[in-house]
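All remarks here apply to the structure that follows.
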Amino acid sequence: MGKKKNALTPTTFSLLHATDFADRLLYNIVPPLKAGMIVIADRYAYTAFARDVARGVDRAWVRDLYSFAVRPDLSLYFRVPIDVSLDRLMARRVKLKFYEAGMDMGWSLNAQESFRIFQGKVLEEYDRLVDEFGLSVVDASLAITDQQQLVRNLVARQLEKPALEAVNL
Amino acid sequence: MTPDKTDKADNKAEVREQAPDFGANGRIQPGRYYGHGLPYVPMDQYPGKIIAVEGTDGVGRSTQIALLREWLEVQGYGVVETGWTRSALMQPTIELAKSSNTLNKLTFVLLYATDFADRLEKEIIPALKAGFVVLSDRYIFSALARAGVRGVDRAWLRSLYGFAIAPHLVFYLKIDVDTLIRRVLSARGMDFWESGMDLKGGDDIYDSFRSYQNKLLREYGSMADEFGFRVLDARRPVDVIQDDLRRQVQAFLSNSDITTDNLPGQPTQAI
Numbered sequence: 000m001g002k003k004k005n006a007l008t009p010t011t012f013s014l015l016h017a018t019d020f021a022d023r024l025l026y027n028i029v030p031p032l033k034a035g036m037i038v039i040a041d042r043y044a045y046t047a048f049a050r051d052v053a054r055g056v057d058r059a060w061v062r063d064l065y066s067f068a069v070r071p072d073l074s075l076y077f078r079v080p081i082d083v084s085l086d087r088l089m090a091r092r093v094k095l096k097f098y099e100a101g102m103d104m105g106w107s108l109n110a111q112e113s114f115r116i117f118q119g120k121v122l123e124e125y126d127r128l129v130d131e132f133g134l135s136v137v138d139a140s141l142a143i144t145d146q147q148q149l150v151r152n153l154v155a156r157q158l159e160k161p162a163l164e165a166v167n168l
Numbered sequence: 000m001t002p003d004k005t006d007k008a009d010n011k012a013e014v015r016e017q018a019p020d021f022g023a024n025g026r027i028q029p030g031r032y033y034g035h036g037l038p039y040v041p042m043d044q045y046p047g048k049i050i051a052v053e054g055t056d057g058v059g060r061s062t063q064i065a066l067l068r069e070w071l072e073v074q075g076y077g078v079v080e081t082g083w084t085r086s087a088l089m090q091p092t093i094e095l096a097k098s099s100n101t102l103n104k105l106t107f108v109l110l111y112a113t114d115f116a117d118r119l120e121k122e123i124i125p126a127l128k129a130g131f132v133v134l135s136d137r138y139i140f141s142a143l144a145r146a147g148v149r150g151v152d153r154a155w156l157r158s159l160y161g162f163a164i165a166p167h168l169v170f171y172l173k174i175d176v177d178t179l180i181r182r183v184l185s186a187r188g189m190d191f192w193e194s195g196m197d198l199k200g201g202d203d204i205y206d207s208f209r210s211y212q213n214k215l216l217r218e219y220g221s222m223a224d225e226f227g228f229r230v231l232d233a234r235r236p237v238d239v240i241q242d243d244l245r246r247q248v249q250a251f252l253s254n255s256d257i258t259t260d261n262l263p264g265q266p267t268q269a270i
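The listed protein sequences correspond, in order, to chains A and B. So for the first sequence, numbering that gives the first Met the number 0 puts the first residue at 0; every next one is plus one. So for the second sequence, numbering that gives the first Met the number 0 puts the first residue at 0; every next one is plus one.
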């Protein structure tokens with residue numbers, strides 16, 4: 000829907016992702032929460048806060064846009080330097096996607112170069128989010144087993160808390 | 000979604016305070032963003048003008064706009080028309096969603112906002128830069144009214160549409176529900192969405208239409224001051240309304256910096 004046609008602006012990109020998120024929130028996230036289950040979300044609103052602001056949308060606007068979202072009980076941010084993430088993608092011979100590399104911004108015609116510029120801005124925004132929303136940072140340049148041990152400790156500590164916070168919609 | 004360490008209510012208030020006033024009592028200058036705007040598109044005072052015509056379905060908006068467009072073009076103005084759900088990006092998706100009836104009110108609001116953003120950036124802003132008169136068949140106010148009636152938070156809606164540009168003129172075609180019902184029934188009948196059947200107030204489409212449109216008209220009415228609507232009595236004959244419209248548009252354009260000289264006299268389809 001639009002993505003392939005190279006037709007999205009930063010704002011329509013942001014709004015379409017918010018629409019998709021709203022749909023998943025109401026159908027896939029809120030019902031299991033009400034049933035007392037644990038929901039593991041691979042990316043959440045924070046991705047939008049970082050990525051959309053890196054594209055130039057207003058910081059306060061995108062936060063307010065997502066004010067219908069439920070605040071996670073625990074948010075893990077896997078932090079990795081750009082070079083490491085680029086090396087990993089290249090090692091898997093992943094072809095960088097148009098929007099993922101920020102090619103829509105016209106900063107560089109070279110996908111790798113564009114990725115570097117764009118992800119640099121995205122990481123800056125994530126760093127801002129760590130304090131603002133209390134994200135738990137996991138050093139993603141560590142070995143996978145070490146990372147997993149950290150994650151399990153964080154999750155275990157969270158689950159020991161007396162009760163899950165109420166769903167606030 | 001709110002920052003950590005404080006409770007939700009506190010932070011919401013904080014965000015609201017930071018947000019610029021949203022067109023309250025005409026405090027937002029026409030041609031400027033209502034709220035946070037698009038930081039990557041600075042809004043200078045472009046020569047073009049936005050004229051929006053608002054009002055519920057069946058009130059006669061498109062008839063009035065067609066006549067107004069013709070008249071403006073004869074006078075040498077370049078005119079671009081834009082209308083709700085007409086964006087190339089979103090129209091197919093919105094039609095699909097309407098027909099399958101799977102969307103909830105929140106996703107509907109966001110799809111409409113996406114459609115508006117697409118038309119704003121690709122049609123309206125370029126037309127303003129080029130000195131056109133943009134005739135908008137509905138602007139953001141119908142979206143605000145429909146969502147408001149469905150219980151979506153009004154402050155959130157205004158922040159969402161903070162990227163919209165305040166029109167230079169907003170005409171509101173005002174009608175009462177009895178006249179509207181007779182007009183809609185003699186023209187094409189009541190449709191599912193215009194009758195607010197998604198609100199599940201009952202199976203009777205007539206009752207649902209009346210109750211829904213009543214709420215909608217109240218919602219429009221409450222926005223008249225907030226956004227500086229020019230209210231036109233839509234129960235009058237078409238040509239009387241059109242004369243009224245032309246008189247007000249003429250008065251506005253002749254006192255503005257817009258010119259007809261450097262524009263072609265030929266009607267312009269699009270930019």
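Backbone N, C-alpha and C define an ideal beta-carbon position, used for all residues, glycine too.
### Task
Keeping to the same chain, check which residues put their C-beta closer than 8 Å to that of residue 252 of chain B; ignore five residues upstream and five downstream.
48, 76 and 132
### Message
Would residue 56 of chain A pass as an interface residue toward chain B - the criterion being a Cβ-Cβ separation below 8 Å?
### Response
yes
### Message
On the CB-based measure, 16 or more other CB atoms within 10 Å of its CB, does residue 191 of chain B come out buried or exposed?
### Response
exposed
### Task
Name the one or two DSSP bridge partners that residue 145 of chain A has.
According to DSSP, which records beta bridges pairwise, residue 145 of chain A is partnered with nothing at all.
### Query
In this structure, what does DSSP give as the bridge partners for residue 51 of chain B?
B/135 and B/169
### Query
Comparing alpha-carbon positions, which option in B/139, B/247 and B/241 lies nearest residue 123 of chain B?
B/139
### Query
For a contact meaning CB atoms closer than 7 Å, what does residue 9 of chain A contact in chain B?
39
### Query
Taking three-plus beta-carbon pairs below 8 Å as touching, is the segment 134 to 141 of chain A in contact with the segment 60 to 75 of chain A?
yes
### Query
Just the Cα atoms here: how many angstroms apart are residue 106 of chain A and residue 206 of chain B?
56 Å
### Query
What is the DSSP secondary structure of residue 137 of chain A, counted as helix, strand or coil?
strand
### Task
Determine the direct distance from the alpha carbon of residue 41 of chain A to that of residue 82 of chain A, and round the result to whole angstroms.
22 Å
### Limits of the alpha helix (DSSP H) - the one that residue 113 of chain B falls within
104 to 118
### Task
Taking 8 Å as the cut-off, decide whether the C-beta atoms of residue 136 of chain B and residue 194 of chain B are in contact.
no
### Query
Going along chain B, which residues have a C-beta under 7 Å from residue 67 of chain A?
105
### Query
Is the segment 82 to 101 of chain A touching the segment 109 to 129 of chain A, taking contact as three or more C-beta pairs under 8 Å?
yes
### Task
Please confirm whether residue 54 of chain A and residue 9 of chain A have their CB atoms less than 8 Å apart.
yes
### Supposed close pair residue 173 of chain B, residue 129 of chain B - CB separation, criterion 8 Å
About 32 Å separates the two Cβ atoms, so there is no contact after all.
### Task
Using 10 angstroms around the beta-carbon of residue 152 of chain A, count the other beta-carbons present and answer buried if the total reaches 16, otherwise exposed.
exposed
### Task
Give a yes or no on whether the minimum CB-CB distance between residue 22 of chain A and chain B is below 8 Å.
yes
### Query
By Cβ distance below 7 Å, which residues in the same chain neighbour residue 38 of chain A in space, the five residues on each side in sequence not counted?
28, 31 and 32
### Message
Counting only Cβ-Cβ distances shorter than 8 Å, please list the residues of the segment 153 to 167 of chain B near chain A, keeping chain order.
### Response
155, 158, 159, 161 and 162
### Query
Got a sec: is the Cβ-Cβ distance from residue 72 of chain A to anything in chain B below 8 Å?
no
### Counted within 10 angstroms of its Cβ, other Cβ atoms place residue 143 of chain A as buried (16 or more) or exposed
exposed
### Message
My parser needs the alpha helix (DSSP H) runs of 4 or more residues fully inside the segment 145 to 169 of chain B; what are they?
### Response
153 to 159
#### Entry: CB-CB length for residue 171 of chain B against residue 208 of chain B, believed under 8 Å
The pair is not a contact, with the Cβ atoms about 20 Å apart (cut-off 8 Å).
### Query
Taking 8 Å as the CB-CB limit, is residue 122 of chain A close to chain B?
no
### Query
Would DSSP call residue 41 of chain A helix, strand or coil?
coil
### Nonlocal neighbours in the same chain, by C-beta distance under 7 Å from residue 78 of chain B, ignoring five residues either side
68, 71, 72, 131, 132, 134 and 267
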